[in-house]
Amino acid sequence: MKQTNLLVCKLFIGALFWLGSVLVNAEDPYMFYTWTVTYGTRSPLGVPQQVILINGQFPGPAIEAVTNNNIVVNLINKLDEPFLITWNGVKQRRTSWQDGVLGTNCPIQPNSNWTYQFQLKDQIGTYTYFASTSLHRASGAFGALNINQRSVITTPYPTPDGDFTLLVSDWFSNMTHKDLRKSLDAGSALPLPDALLINGVSKGLIFTGQQGKTYKFRVSNVGIATSINFRIQNHTMSLIEVEGAHTLQESYESLDVHVGQSMTVLVTLKASVRDYFIVASTRFTKPVLTTTASLRYQGSKNAAYGPLPIGPTYHIHWSMKQARTIRMNLTANAARPNPQGSFHYGTIPINRTLVLANAATLIYGKLRYTVNRISYINPTTPLKLADWYNISGVFDFKTIISTPTTGPAHIGTSVIDVELHEFVEIVFQNDERSIQSWHMDGTSAYAVGYGSGTWNVTMRKRYNLVDAVPRHTFQVYPLSWTTILVSLDNKGMWNLRSQIWSRRYLGQELYVRVWNDEKSLYTEAEPPLNVLYCGKAKRPL
């Protein structure tokens, strides 16, 4: 009997070791990076000026990853100011601790480091990263984060023959981020940027391909202020992906890409062998800023020539109509082998509606931007730390209400409390004459409606409740509204902000606390061992 029990015990222990070995061996790959952030000198417009470099690069190094990869970035801050990077569109499942914004993280102090660790869980597509602190993003500190599908997942398009990344940014020629910040602190709005850049340069960039072959172009707007229109001379583009969602493959002569957004297109080189202009120009600005690169056919002996392809300038309804044509491909796989359309969002009852109205105002005689009359300020203690450790006096759920009201504007720390798994309708109401761009960390949401004027409940009849594209950044046209539907299934403290950086810096943001009272690693991770503490938050003994 003893021998039998001993054998069973040995078999059980052996099975445990085997299972542990399988789990370890089956763990998704890790990708390790060490990034050093410094000042440096570059001449993006032909004149030397100070920029922010990552590992000596401007833009910063690209992360080329695969779905479910684990990313570990040891970031060393050699600037003279506190610094953070946020991962634009990466969902950070169950861990807003890695989000890299001041509501969730203490900043990395000068001459110190901090290590981010997160998984690209069930995500594919074209994303970016950039500095979230102050106005560092205006001086650089941005880069590409491309997530390719695993080999076992099919794509709804033929494998392209090459992959190009284009980071389009607006740029100030004679103002550093400190100059811009000083202007905003004094109560002045920022001027129109001086130029557009593609991958950190204003001209001379060349992308080379072979006639007859098809190439993937990943286009992201990493600017701080201006929407852009993107087009390629004598070529059409087939849209295949928007911020992680496969789209219906409509053909476009040009595409609007608003601040913080990313799109991926396929371009087949069907024209004669020569160079062709790649053009990015600003939307809704006077004057219109334009920059070019070149698409070179292999063997070309002729530089790009002829008039630039014409793009829209201030045509709001043109852009709104185009936005409505961007729809999700319901027959395609997502990052997992289940159809993207299996989540029938249009049949789910709405639990709650938030109507968020932005406005420019004066507070204490200086320019500020508000959401529902509250102009956001960051407390010295990150909201996430205050929430986790029950630190009082940092924020109050009563600061902001969920619908616009009339009355004076105030400075405050806005946090909206929602329950985990609530299905929420968020309406962005823009009563100003400038275009807005809103971003939500931690999730993707279905952009179901765009319309002019003031939103009311009858507008729900116009919603696309079948194949709206899920994305993380949403444009709101002048004197118009945009509605998103979102399942808040990612527990944490998540930033909801303007992607127009001067507006965010002066208060156009808030946080959404997605919460329930269950303490479980299945819904939210514990604070990482290396979590930084600041303000009222002290390291537990």
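Residues -26 to -1, 1 to 515 in mature numbering (1 follows the signal peptide of the UniProt record, and there is no 0) are what the sequence shown lists, from first letter to last. We put the CB at the ideal spot given by N, CA and C, even for glycine. This structure is a prediction, so every number in the text was calculated from the model and none was measured.
- Of the candidates V216, P514, L506, L506 places its Cα closest to the Cα of S86.
- P3 and L304 have their C-alpha atoms spaced approximately 29 Å apart.
- Distance from the Cα of V253 is smallest, within the candidate group P281, K275, I37, for P281.
- Taking 7 Å as the cut-off, the Cβ atoms of V460 and A419 count as close.
- The DSSP-derived three-state label of D153 is helix.
- Looking at the DSSP output, R342 bridges to T335.
- In the three-state scheme derived from DSSP, where H, G and I count as helix and E and B as strand, L357 is classed as helix.
- The C-beta of G74 has 16 or more other C-beta atoms within 10 Å across all chains shown, which makes the residue buried.
- Of all C-beta pairs linking the region 474 to 493 to the region 44 to 51, fewer than three are shorter than 8 Å, placing the two stretches out of contact.
- Look at Y479 here: in three-state DSSP terms it is helix.
- Within the region 66 to 106, the complete beta strand (DSSP E) segments at least 3 residues long are 86 to 93, 99 to 105, listed from N- to C-terminus.
- Look at I198 here: in three-state DSSP terms it is coil, with no helix or strand label.
- Our two residues, L484 and P56, have alpha carbons roughly 21 Å apart in a direct line.
- Boundaries of the alpha helix (DSSP H) harbouring H291: 290 to 299, taken from the DSSP string.
- A Cβ-Cβ contact shorter than 7 Å links P81 with T107.
- When C-alpha distances from L341 are compared across V440, S162, L222, the shortest belongs to S162.
- In the DSSP secondary-structure assignment, Y485 is bridged to V389, N469.
- Spatial neighbours of V422 in its own chain (CB-CB distance under 6 Å, excluding positions within 5 residues in sequence) are listed in chain order as Y437, N438, A442, T457, L459.
- Bounds of any beta strand (DSSP E) do not take in D135, whose DSSP letter is neither H nor E.
- Assigned with DSSP and collapsed to three states, S268 falls in strand.
- Proximity to P444 across A219, I374, R434 peaks at A219, based on C-alpha coordinates.
- In this structure, DSSP gives V431 a helical state, which the three-state scheme calls helix.
- Under the three-state reduction of DSSP output, S255 falls in the strand class.
- The continuous beta strand (DSSP E) containing G183 extends over residues 180 to 183.
- In this structure the region 193 to 202 touches the region 143 to 160; the number of beta carbon pairs closer than 8 Å is three or more.
- With a 10 Å radius around the Cβ and a threshold of 16 neighbouring Cβ atoms, Q272 comes out exposed.
- Inclusion of Y103 and G117 in the CB contact set at 7 Å is warranted, their separation being smaller than that value.
- Selection G99, L58, Q91 evaluated against Q83 yields L58 as nearest (Cα-Cα).
- If you draw a straight line from the Cα of V233 to the Cα of I365, it is about 35 Å long.
- CA-CA distance, V262 to K435, rounds to 36 Å.
- By the CB criterion at 7 Å, L330 and M467 fall outside the cutoff.
- With respect to S268, I172 sits apart: the two C-beta atoms are not nearer than 7 Å.
- Here the alpha carbon of F32 sits roughly 7 Å from the alpha carbon of I26.
- Here L166 is exposed: its Cβ has fewer than 16 other Cβ atoms, across all protein chains shown, within 10 Å.
- Across the structure, L495 and W71 are spaced so that their CA atoms are roughly 13 Å apart.
- For Y101, the closest alpha carbon among the candidates R310, T128, T41, I290 is that of T41.
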